[in-house]
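Engineer:
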Amino acid sequence: MTCTEALELLLEAEPHELARTTDSELSRHLRDCATCRTSAARILEAEGVLRRRLAATAPVRSADDAVELARRRHVRRRRAWRLLPPLAAAAAALVGIALWRLRPSVPGVPLQPAARPPDLVITAPAGRNVLVMTTDNPDVVVFWFF
Ligand SMILES: [Zn+2]
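All residue numbers for the sequence shown refer to this note's numbering, where the first residue is 534 and numbers rise by one.
1) Report the rounded CA-to-CA distance for THR568 versus ALA589, giving the unit in angstroms.
2) Cβ of PHE678 within 8 Å of Cβ of PRO658?
3) Taking all protein chains shown into account, decide if VAL600 is buried (16 or more other Cβ within 10 angstroms of its Cβ) or exposed.
4) To which residues of the same chain is LEU543 closer than 8 Å at the C-beta, ignoring the five residues directly before and after it?
5) Thinking ALA625 and PHE676 are a contact (beta carbons under 8 Å), I'd like their distance in whole angstroms, please.
6) Assuming ILE664 is part of the beta strand (DSSP E), what are its boundary residues?
7) List the whole-angstrom C-beta distance separating PRO548 from GLU578, where the pair is believed to meet the contact cut-off of C-beta under 8 Å.
8) Using 8 Å for Cβ pairs, my map puts VAL674 next to VAL665. What's the rounded Cβ distance?
9) From the DSSP output, read off the bridge partner residues of VAL673.
10) Nearest by alpha-carbon distance to ARG564: which of ARG585, ALA539 and ARG586 is it?
11) Going by the C-beta, is ALA539 closer than 7 Å to any heavy atom of ligand 1?
12) When the Cα atoms are used, what is the spatial distance from LEU583 to ALA622?
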């Protein structure tokens, strides 16, 4: 093998060939030729630097870890969506209580507690039910959408 032929193979050679640990024609040439061996050593050194820099910038997670993390995030998102309806219902109940307490009042005229809540028409969202709970406090009525 000539040096020209060896130099053409150097850039595509496997590291173990460049390290002269195989019995390939290129490895044999590198054992005998100091000039090509120096070139091979430079390529190995550059590959080592590149490998270390990639390792330093790459995430420490393996592909399996990344998939598992993505799966857990997906489950968490699904759980968050499951929590949303009860939270929305609780928020609606609070809004109902707040609106109930914001009855119009006339200054100087004391409010009389209502004996029972006025007739209300409450429409539950499609596919949902609503429960209206009166309390001992006539100012507080709980609307629970479920
Ligand atoms: Zn050579």
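C-beta: ideal position from N, C-alpha, C; glycine also.
Structural biologist: Taking the structure as given:
1) In a straight line, the C-alpha of THR568 is about 32 Å away from that of ALA589.
2) Yes, they are a contact pair.
3) By the neighbour-count rule (16 or more Cβ atoms within 10 Å), VAL600 is not buried but exposed.
4) LEU551, LEU559, CYS569, SER572, ALA573 and ILE576, listed in sequence order.
5) Sure, about 6 Å apart at Cβ, within 8 Å.
6) Per the sequence presented here, residue 664 reads as Leu, with Ile not at that position. LEU664 -> beta strand (DSSP E) spans 663-667.
7) In this structure PRO548 does not touch GLU578 by the C-beta definition: roughly 11 Å separates them, more than the 8 Å allowed.
8) The beta-carbon distance between VAL674 and VAL665, rounded to whole angstroms, is 6 Å. This is short enough to meet the 8 Å contact definition.
9) Answer by DSSP bridge pairing: none, since VAL673 is not bridged.
10) With respect to the C-alpha of ARG564, the residue from ARG585, ALA539 and ARG586 having the closest C-alpha is ALA539.
11) Judged by the Cβ position, ALA539 qualifies as a neighbour of ligand 1 at the 7 Å threshold, a heavy atom of the ligand being closer than this.
12) So the alpha carbons of these two residues sit roughly 56 Å apart.
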